[in-house]
Amino acid sequence: MARLLLLTLLLSLFNNLHHNALVAAQKVAKTYTGWDCCKPICASINNRPSLLDTRGAVRVCNKSNQPLPTPAGVSAVTGCQAGVNTNNAAYLCDTYQPIPVSNDLSYGFAIQVQDSQAADHPSCCKCYQLQWLNGGAANKTMIVQVVTPGGAGGDVKMGDMIILTPGGGVGPLGGTGCSGMYGAGYSWGGAQGGVRSRGECERLPANLWGGCFWRWNWARGEVNGWDVVYQQVECPGRLVSISGCVA
């Protein structure tokens, strides 16, 4: 009897420790959306070429959405730099749009708000599993790979996730990257939050409609300011095949 009681107590202690470890590994944060067409920061690793052999560099595209070879992509200047020759610049490929996998699971890419925006930041190319706590996507899950360590500002705090979503907001650069990549004649919505309805998605370039619709069809709402918990997970092969990197 005493032995059974001891085993029961030990099992209870183990379960509590396991639960506490899981809670400690999770990060509570908020999600936002963004799509500035800029070259992801994790693609610029000129100062750490050794990362090509370990982590890899995030794949980038030219203004025609054609992937650049790795050496050229690493060294190419971002299309968000003022006065850049857009024909020689690197941009965000349209393949970085959200990918619905099922009604309750999506894949995608993100900017994780960090203390540094260095191209060799440890968060680059890591994957995280997000679960929303509220909003239209409550209890739904998304696995994202970080392609840019972003800076905090306004409502956006350290640890928050900005999900790359066409029409999600062009950010502080005011659409320089998107106008350089796609030209004039499109409406990208507000700098923060982007378009405000599904119908406004059709004001974007047609190749980006699907990713814009994702917010309204799958996530069922704004996504901006919704609470999530997330933790690091192994990167799905589908995301690695798009980005070309893994950590």
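Under mature numbering (1 follows the signal peptide of the UniProt record, and there is no 0), the letters of the sequence shown match residues -25 to -1, 1 to 222, in that order.
Yeah, the Cβ is synthetic: ideal placement off N, Cα and C, and Gly gets one too.
Computed from a predicted structure; not experimentally measured.
How would you label residue i, buried or exposed, when you count the other beta carbons within 10 angstroms and need 16 or more for buried?
{"i": "K132", "result": "exposed"}
{"i": "N182", "result": "exposed"}
{"i": "A64", "result": "buried"}
{"i": "R30", "result": "buried"}
{"i": "A(-2)", "result": "Residue placement at A(-2) is poorly supported in this model, since its pLDDT is 49, which falls under 50; the coordinates are not used for a value here."}
{"i": "S91", "result": "exposed"}
{"i": "L(-16)", "result": "Caution applies to L(-16), whose pLDDT of 45 falls short of 50 and renders its modelled position unreliable; the value that the coordinates give is listed next. Answer is exposed; the Cβ neighbour count stays below 16."}
{"i": "R190", "result": "buried"}
{"i": "D79", "result": "exposed"}
{"i": "A85", "result": "buried"}
{"i": "D11", "result": "buried"}
{"i": "G212", "result": "exposed"}
I'd like to know whether the C-beta atoms of residue i and residue j end up nearer to each other than 8 angstroms.
{"i": "V35", "j": "L43", "result": "yes"}
{"i": "K14", "j": "T53", "result": "yes"}
{"i": "N114", "j": "W201", "result": "no"}
{"i": "V119", "j": "Y103", "result": "yes"}
{"i": "G83", "j": "I138", "result": "yes"}
{"i": "T151", "j": "A57", "result": "yes"}
What first and last residue would you give for the alpha helix (DSSP H) that runs through residue i?
{"i": "T151", "result": "T151 to Y157"}
{"i": "P46", "result": "T45 to S50"}
Quick one: what does DSSP say residue i is sitting in, helix, strand or coil?
{"i": "A85", "result": "strand"}
{"i": "A194", "result": "coil"}
{"i": "L(-4)", "result": "Low per-residue confidence applies at L(-4): pLDDT is 40, beneath 50, and the placement is therefore not dependable enough to give any value."}
{"i": "P75", "result": "strand"}
{"i": "T29", "result": "helix"}
{"i": "L214", "result": "helix"}
Tell me the residue span of the beta strand (DSSP E) that contains residue i.
{"i": "L105", "result": "C102 to W107"}
{"i": "D202", "result": "W201 to V208"}
{"i": "L139", "result": "M136 to L139"}
{"i": "V122", "result": "T116 to G125"}
Could you check how far apart the C-beta atoms of residue i and residue j are, in whole angstroms? I think they sit under 8 angstroms.
{"i": "I217", "j": "T70", "result": "5 angstroms"}
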